[in-house]
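Protein sequence lines, in the order shown, are assigned to chains B and R. Residue 29 in the working numbering sits at position 20 of the first sequence; the count goes up by one each step and never skips. Residue 108 in the working numbering sits at position 103 of the second sequence; the count goes up by one each step and never skips. Backbone N, C-alpha and C define an ideal beta-carbon position, used for all residues, glycine too. Here the structure is a predicted model, which is why all the values come from computation and not from measurement.
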Amino acid sequence: MQGKSIHYQKLLKKWSEKHKDLQRQIFEKHKDAFDWLENNSKQLVVGSIAGIFMLTNPIIPQIPATFSAGLSQQEPVDKRVFLIYDLKNVLPSDIRPLTSDEEAKVTEVLSRTFGVNAVGELSGKRLNSQYGYIGQEQHLARFPGDNMYAHFDNPEESFEFGKHGMAPGLGAFRYFANSRGEMTEEDNLREKYYIAVQTFLSPGFNENVREYMDFYKYRKMLVVNPQNGRAIVTDIADSGPAAWTGKQLGGSPEVMRYLERVDGSQKGPVLYFFVDDPENKVSLGPVGL
Amino acid sequence: MKRKHFYSHLVETTHITLEIAELDVTSGERVHLLSLVEANIHTTVVSKVLDELDPLDKKKFLSNLSLEDHDKTLAHLKENVSDIEEKLKKEIDKVTKELLQDIKEAKN
């Protein structure tokens, strides 16, 4: 498959030359360090060397038939490009609830891309929005006595996610299990990949609070960052945030990390839709492409 | 989630990705252009880092880089170069702006 388009040819020429110039400059200025690296490379336990590969190799002048190990992650990137592009053409420029036409187009794109049935309305119930700003939530206590020392499966997770702390109160549906001994893997995942949504603002909520809360409890939702194409199946385990915050939902530390979303002035929008999964076949967690 | 490079958290290329998505190119060409973006950013970052280090630390850095130990690489740089993340962010922003400009010019 050879490149033929004008855009591609222009950019290939420009960016290959730019890279060649950068390589020439870096090797001229830091020759001693690279000579040392070359002489000692046999003593170094080199991994997939992607970090060095891009410095020391000329850019391949045409589209490679297969990519080297260091560049093997590019196929998923390309699929995400199409998703990002599709969503960009459908989503409004401002962050607001989608119109029924927009919702239909977005759910069609998401269902097709991720292979789950994503819907804005399920069993006659819908949230106040499907496109909103997501904020950072804390971990939730899974059972009486749960704490930050016992919350994680391994030291890496503790190091990565422990800093967010545990919410002082319980989630909207209280504990996930009655005791540590009764905890299942599903309970564990429900806390790990939970979101908080504004259940209290959904149309009809005040007239049937009990029915709505039963419906929302651990209801699966597909959450997608439209700017990087990352998607994760989450569950509703808390209510919030308050309307005055300017945010429409919140994500657990694990959810926020995967979506590459942060709180505060850098906050960004996500899409969130119910997953119609009557047989409970869709797993919680990141969705690959 | 494994980080791809020690500076990945400083890189925001959504605009470039979207601009490339809008070009009249094939899927394979698009992937190749994205790899060129990555290579140009990478070389720019490494060049800036080497400019900031003394000879001994340059070797240590290249050694860490070749081992792909991203946390160790970043920790070493933070210890030896003041405001390294701010400096790298500035370089990354500069090169991504240039690449974006290149795409706009290629469209004309």
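Our two residues, residue 80 of chain R and residue 74 of chain R, have alpha carbons roughly 10 Å apart in a direct line.
For residue 14 of chain B, a Cβ of chain R is located within less than 8 Å of the residue's own Cβ. Annotation for residue 95 of chain R: the continuous alpha helix (DSSP H) segment containing it runs 89 to 112. A Cβ-Cβ contact shorter than 8 Å links residue 242 of chain B with residue 291 of chain B. With contacts defined as CB atoms closer than 8 Å, residue 230 of chain B and residue 245 of chain B qualify as a contacting pair. Contact of residue 93 of chain B with chain R by beta-carbon distance below 9 Å involves 19, 22, 23 and 26. With fewer than 16 other beta carbons inside 10 angstroms of its own, residue 158 of chain B counts as exposed. In this structure, residue 120 of chain B sits near residue 127 of chain B, with a CB-CB distance shorter than 8 Å.
Residue contact check for residue 52 of chain R against chain B: a CB pair falls below 8 Å. Here the alpha carbons of residue 26 of chain R and residue 40 of chain R stand approximately 14 Å from one another. DSSP places residue 205 of chain B inside the beta strand (DSSP E), whose first and last residues are 203 to 206.
Distances from the CA of residue 235 of chain B to each of B:44, B:96 and B:32 were compared; the closest alpha carbon is that of B:96.
One thing to note: residue 28 of chain R has its Cβ within 8 Å of the Cβ of residue 16 of chain B.
Of all residues in the segment 225 to 242 of chain B, only 236 and 237 come within less than 8 Å of chain R when Cβ atoms are compared, listed by chain position. Contact annotation for residue 35 of chain B against chain R: 48, 51, 52 and 55 [CB-CB distance below 8 Å, chain order]. Per the C-alpha coordinates, the member of B:94, B:14, B:179 and B:40 positioned closest to residue 20 of chain R is B:94. In the three-state reduction of the DSSP assignment, residue 34 of chain B falls in the helix class, which pools H, G and I. With a threshold of 8 Å between beta carbons, residue 202 of chain B makes no contact with chain R. Under the Cβ criterion (8 Å, minimum of three pairs), the segment 205 to 216 of chain B does not count as touching the segment 166 to 178 of chain B. In this structure, DSSP gives residue 130 of chain B an extended state, which the three-state scheme calls strand. Taking a beta-carbon distance threshold of 8 Å, residue 173 of chain B does not count as an interface residue toward chain R.
Where residue 26 of chain R is concerned, the enclosing alpha helix (DSSP H) starts and stops at 19 to 26. Between residue 161 of chain B and residue 171 of chain B, the gap from beta carbon to beta carbon is short of 8 Å. Between residue 267 of chain B and residue 250 of chain B, the gap from beta carbon to beta carbon reaches 8 Å or more. Contacts with chain B (Cβ-Cβ distance below 7 Å) from the segment 59 to 70 of chain R involve 60, 63, 64, 67, 68 and 70, listed in chain order. If you draw a straight line from the Cα of residue 276 of chain B to the Cα of residue 270 of chain B, it comes to about 7 Å. The segment 41 to 51 of chain R makes contact with the segment 87 to 101 of chain R, as at least three CB pairs between them are under 8 Å. Distance from residue 92 of chain B to residue 140 of chain B at the Cβ level is roughly 15 Å; contact not present, criterion being Cβ atoms closer than 8 Å. Using a CB distance below 7 Å, no part of the segment 74 to 103 of chain R faces chain B. Taken in chain order, the members of the segment 28 to 47 of chain R whose beta-carbon sits within less than 8 Å of a beta-carbon on chain B are 28, 29, 30, 31, 32, 33, 34, 35, 36, 37, 38, 39, 40, 41, 42, 43, 44, 45 and 47. The three-state secondary structure of residue 242 of chain B, taken from DSSP, is strand.
With 16 or more other Cβ atoms inside 10 Å of its own Cβ, residue 122 of chain B counts as buried.
Put simply, of B:198, B:118, B:262 and B:228 the residue whose alpha carbon is nearest the alpha carbon of residue 286 of chain B is B:228.
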